[in-house]
Amino acid sequence: MVDLSPLWLTVQLAGTTTFFLLLLGTPLAWWLANTRSKIRPVIEALTALPIVLPPTVIGFYFLILLNPNAPIGRFWVDITGETLTFSFTGLVIASMFYSLPFMVQPLQTAFQAIGRAPMEAAATLRASPINAFFTVAVPLSGRGFLTAIVLSFTHTIGEFGVVLMVGGNIPGETKVISIAIYEHVETLRYAEAHQLAGGLMIFSFIVLMAVYTLNRRFPVHVG
Amino acid sequence: MSVKTLTLRVRLPFEDHTIDFKESIPLSGIIALFGPSGSGKSTLLRIIAGLENRGNLRLTFNGEVWTDTNAGIFLPPHKRPIGMVFQDDRLFTHLSVAGNLEFADKRSPTVENPITMDQVIEALDLLTLLNKSPSTLSGGEKQRVSLGRTLLTQPELLLLDEPLSALDIRRKAELLPFLEKIPREFGVPAIFVSHAIDEVARLADEVILLSPDGHVSARGPIPEIFDTQEMHDFTGKFEAGTFLQATVTAQDANFQITTLDFEGEVMRMPMVASLNIGDRIRLRIRARDVAVAISRPEGISIRNTIAATISEIKAEPETAFAEIIFTVGTQSLRARITRQAVDELGLKVGQEAFALIKSVSFDRRVMISALG
């Protein structure tokens, strides 16, 4: 029987990454959609960088940034006693950057589509900006959130280069499914590679189908 | 209820000019902010609501400073006791009509004698719409819901930003009666922005007329302001006219005629069934619908022949026309006739003559407004 722990680890990594990205990406996307600041293009370009960069480049810089000799890596070792490189936490951090555009861009588009009008109406109806965000902007951006979450999750599942550079291949810690498949192929164990690759394909298909079905059954009102 | 006062001072570069506005406005009834497109009317409303904070502003409401650019004071919009109805309805499409009303109701401050959900549903005839989604409503229905939603915020001032302009004529006629009665029925003063003269005539008690470059060019009660040169400059000669006040003396259901007393003279117009005998009403008569005779004509279909004194003759040398201003009792009436006619009839200031008003020129949809 093939070892399924890489699959479980992958789902954990994608889920954790998506969760924290949602917390970070939502305010960032809101700011990008509404700001008139001159530095907006700079932040937009930084956000989009992971789309164009080879994952190995991202992985390389994170390796340098997170290793215990660098300030961030050392700080982490000082407070937790663990290294960020070759650890699950380090993978989550690198994955968040890697999948950032897939969270931010759909949200930014959704927020821009809403425009100022409903938020102004909400303000004249006594809703504070935070309250209006959660009771008007979020429900009106339902489809944007769904797209952003699904894309971030699936994109993280599919990552390979960043994980290899930052996380290596530690079972139960950093050995995600793409790494496991790569290892099986390298060692010519095609049967196991088939099982994991096929399993991942079926899993991804089921997730996507569930999303699209849900999307059709509960259409999100926009505009 | 005491009348609250709004003071507003705005200096703001706007399109190709600078809005320079400085007024103190006692808030009672419906006040129209009237002016051509681009004069900055809507921007002024948005400044009052706190949705706009540009330029140099100072805004006080009942003595309380809401915006003061120099002092760095800005009360955010959600803390201002103001209700705003936008040109586009801005209903929340993720909520039902009832959900939209509840959105406002839940967040409204505690006040004495609050406006209740039931009152709003009743007054705006919303009962059959409650479970619907806003996207399925007609334009007029949407604005009714929007108006109701706004009332539930318990506003101390209503801002109506061209609420009729996105509607076709039929929907407009449907919504007008609601806009007319709501501020009075609920005792909430309103500032109403429009560039349509008929809406202003129908709804407003007082007009603040903005010039195209954003200055106040005239201000006052409707009948007076509509008679000013500034208003005529704005509306053009063709639409120029006067407001008259008259009293309903009889309703003839057979001929469908309402008979009026106007300064001792009898006037007739197509019957307006909703009027009662004794009602004081306001009529608007366009100068182009008034003809002049030097003796009382016989055998004529025109039903309104008013004996009047010519108080002024304004010839327009560059055109064929002249404007005759009549005095009837304490009121005045304008006639727009050709200069040639003035000459041939030998019309003079001080002369007694007859103003002939075509009965059909009374437009009850927009030109009659009960004065309470």
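Chains as they are written, first to last, in our numbering: chain Z, 19 to 241; chain A, 143 to 514.
The C-beta atom is built at its ideal place from N, Cα and C for all residues, glycine as well.
Limits of the beta strand (DSSP E) - the one that residue i falls within
i        : result
A/ALA477 : 473–480
A/LEU294 : Careful: A/LEU294 lies outside any beta strand (DSSP E) and carries neither H nor E.
A/GLU206 : 206–210
A/PRO363 : 358–363
A/ALA433 : 432–435
A/ARG438 : A/ARG438 -> no beta strand (DSSP E), and no H or E assigned at all.
A/ARG232 : Counting along the chain, A/ARG232 falls outside any beta strand (DSSP E), and DSSP gives it neither H nor E.
A/ILE537 : The shown model of chain A, from 143 to 514, leaves out residue 537 of chain A, and the question about it has no answer.
Cutoff 7 Å: residue i Cβ touching any chain A Cβ
i        : result
Z/LEU50  : no
Z/ALA145 : yes
Z/THR142 : yes
Z/PRO24  : no
Z/PRO157 : yes
Z/ALA139 : yes
Z/ALA135 : yes
Z/HIS239 : Below a pLDDT of 50, predicted positions are generally treated as unreliable, and Z/HIS239, at 42, falls in that range; the measurement from the model is reported next regardless. Z/HIS239 counts as touching chain A.
Limits of the unbroken alpha helix (DSSP H) element including residue i
i        : result
A/ARG249 : 239–249
Z/PRO147 : 147–150
A/GLU264 : 259–265
A/SER181 : First-last for A/SER181: undefined, no H or E at that position.
Z/VAL180 : 179–184
A/ARG326 : 311–327
Z/PHE171 : 160–175
A/THR278 : No alpha helix (DSSP H) holds A/THR278; DSSP gives it neither H nor E.
Z/VAL203 : 195–204
A/THR202 : Element bounds for A/THR202: not the alpha helix (DSSP H) but the beta strand (DSSP E), 198–203.
A/PRO256 : Counting along the chain, A/PRO256 falls outside any alpha helix (DSSP H), and DSSP gives it neither H nor E.
A/THR370 : Premise fails: A/THR370 is in no alpha helix (DSSP H) and is neither H nor E.
Short CB-CB distance (under 7 Å) between residue i and chain Z
i        : result
A/THR295 : yes
A/MET226 : yes
A/ALA343 : no
A/SER144 : no
A/PHE216 : no
A/LEU321 : no
A/ALA246 : yes
A/ALA191 : yes
A/ARG286 : no
A/HIS220 : yes
A/ARG196 : no
A/ARG426 : no
A/HIS357 : no
A/HIS159 : no
A/ARG313 : no
A/ARG153 : no
A/ARG249 : yes
A/HIS236 : yes
A/ARG361 : no
A/ARG232 : yes
One or two residues paired with residue i in a DSSP bridge
i        : result
Z/THR28  : Note: Z/THR28 sits in no beta bridge, so no partner.
A/LEU299 : A/ILE224
A/ASP403 : A/THR389, A/VAL408
A/PHE463 : A/THR480
A/HIS159 : A/PHE156
A/PRO168 : A/THR147
A/THR447 : A/LEU498
A/SER336 : A/PHE176
A/ASP347 : Beta-bridge pairing links A/ASP347 to no other residue.
A/ASP394 : A/ILE399
Environment of residue i [buried if 16+ CB atoms lie within 10 Å]
i        : result
A/TRP208 : buried
A/ASN255 : exposed
A/ILE510 : Note on A/ILE510: pLDDT 39, under 50, position unreliable in the model; the coordinate value appears next. Label assigned to A/ILE510: buried.
Z/GLU138 : buried
Z/MET227 : exposed
Z/LEU41  : exposed
A/ASN242 : buried
A/THR295 : buried
A/ASN396 : exposed
Z/MET219 : exposed
Z/VAL70  : exposed
A/ILE448 : buried
A/ASP158 : exposed
Z/VAL110 : buried
Z/TRP94  : buried
A/ILE442 : exposed
| query | Which whole runs of the alpha helix (DSSP H) in the stretch 34–106 of chain Z are 4 residues long or more, in chain order? | reply | 58–70, 73–84, 89–98
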